Amino acid sequence: MRPPIAIIGGTGLDALDTLSLPRQETLATPYGELSSPLLHGELGGRPVVFLARHGQRHTLPPHKINYRANLWALHRVGVRQVIAVAAVGGIRQDMAPGVLAFPDQLIDYTWGRPCTFFEDDSSEVTHIDFSEPYSPALRERLIQDARALQLDARESCTYAAMQGPRLETAAEVRKLERDGCDIVGMTGMPEAALARELGLRYAACAVVANWAAGKVAGEITMAEIERNLVAGMARVKRLLARAIPALDEPPC
Ligand code: HPA
């Protein structure tokens, strides 16, 4: 049987109703509890495992997510490729709510999150290469499929990983912009780095839920975010349905 493809669902995608033959698995990990049980199933005949990053009832804020347990568990069940779905705020002018974005770079502004598997006294100091934080091969596949489906998508951008759970100030967003960031979210790190430490192919599919703070007049409301995510996640599901059955296997 082919290894399952992992989908980590973020805000707006706490469940994946398009999975056929769903079966739930609860796993213990050396790092503690994962965000949710693993949901095994199939998408277009391909084995898939879905994990709700914020929990099945969306109870875990970004800084409380056990990223290590999540990635460890996915690796344990044989996953070699991870598609990380996440809601973000739009900074760059063309990052309007509803757009899909496939980041190719990130800047990590998070702090205090357990961020490596290489910290036991017994393990050697290991410095992974992270020049390209997202798998170019997996990104390319997703981008090709987004093009084929004529989805409104941005193919190159830099993701700012912020600590949250509060949203940013307008001045913070101006600083992120000066730093070269195009979209802003709260869960992209250490998730991407942990995936790399485990040798997994990892790519993100971000859905722009709102203009980042200060980009338009007025407050950012959860109602606005949720409204935009409903439409955005429907596009993500179409993309997954096309992309997953056709994904190749990474070389061993
Ligand atoms: N900032 C950070 N994370 C987010 C945002 C935002 O504006 N929108 C959705 N997730």
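In the working numbering, each residue carries its 1-based index in the sequence shown increased by 74.
Using N, Cα and C, we set each Cβ at its ideal position, and we do this for glycine too.
A quick note: this is a predicted structure, and the numbers were derived from the prediction, not measured.
Item to check | Coil, strand or helix - R142 by DSSP | outcome: helix
Item to check | Secondary structure of A280, DSSP reduced to three states | outcome: strand
Next on the checklist: Just to confirm my understanding: we take P135, look at its own chain, exclude 5 residues before and 5 after, and list those with CB closer than 7 Å. What are they?
Outcome noted: G238, P239
Item to check | Inter-stretch contact (C-beta, 8 Å, three-pair minimum) for the segment 309–322 and the segment 99–106 | outcome: No: fewer than three Cβ pairs fall under 8 Å.
Checklist entry - So P319 is in the alpha helix (DSSP H); what residue range does that whole segment cover? => result 296–320
Checklist entry - Is the distance from the Cβ of P78 to the Cβ of V122 below 7 Å? => result Taking the C-beta atoms as reference points, V122 is found nearer than 7 Å to P78.
Checklist entry - Closest by CA to H201, which one among Q167, L180, I81, R270? => result R270
Next on the checklist: Tell me the rounded alpha-carbon separation between R252 and H128.
Outcome noted: 30 Å
Next on the checklist: Only counting the same chain, and skipping five residues up and downstream in sequence, which positions put a Cβ closer than 8 Å to that of Q130?
Outcome noted: D88, A89, S110, P111
Next on the checklist: Here's the rule: buried if 16 or more other CB atoms are within 10 angstroms of the residue's CB, otherwise exposed. What is V290?
Outcome noted: exposed
Next on the checklist: For L272 and E300, what's the separation of their Cα atoms in angstroms?
Outcome noted: 33 Å
Next on the checklist: For E246, which residues in the same chain have their Cβ closer than 8 Å to its Cβ, ignoring the five residues on either side in sequence?
Outcome noted: M236, A287
Item to check | When R187, S205, G172 are compared against A161, the one with the closest alpha-carbon | outcome: G172
Checklist entry - Smallest Cα separation from Y141: which of Q167, T184, G119, L180? => result T184
Next on the checklist: Just to confirm the assignment, what range does the beta strand (DSSP E) spanning A158 have?
Outcome noted: 155–164
Next on the checklist: Against chain B, does R213 count as a neighbour if the rule is that its beta carbon must be under 7 Å from one of theirs?
Outcome noted: Structure shown: chain B not included; a single protein chain is present.
Checklist entry - Would you call R228 buried or exposed, if buried means 16 or more other Cβ atoms sit within 10 Å of its Cβ? => result buried
Next on the checklist: To the nearest angstrom, how far is the alpha carbon of R312 from that of A170?
Outcome noted: 20 Å
Next on the checklist: If I follow the unbroken alpha helix (DSSP H) through R120, where does it start and stop?
Outcome noted: Per DSSP, R120 belongs to no alpha helix (DSSP H); it is in the beta strand (DSSP E), 120–126.
Checklist entry - At what residue ranges does the segment 185–233 contain a whole run of the alpha helix (DSSP H), taking only runs of 4 or more? => result 210–222
Checklist entry - Name the DSSP bridge partner or partners of R275? => result According to DSSP, R275 bridges with Q155.
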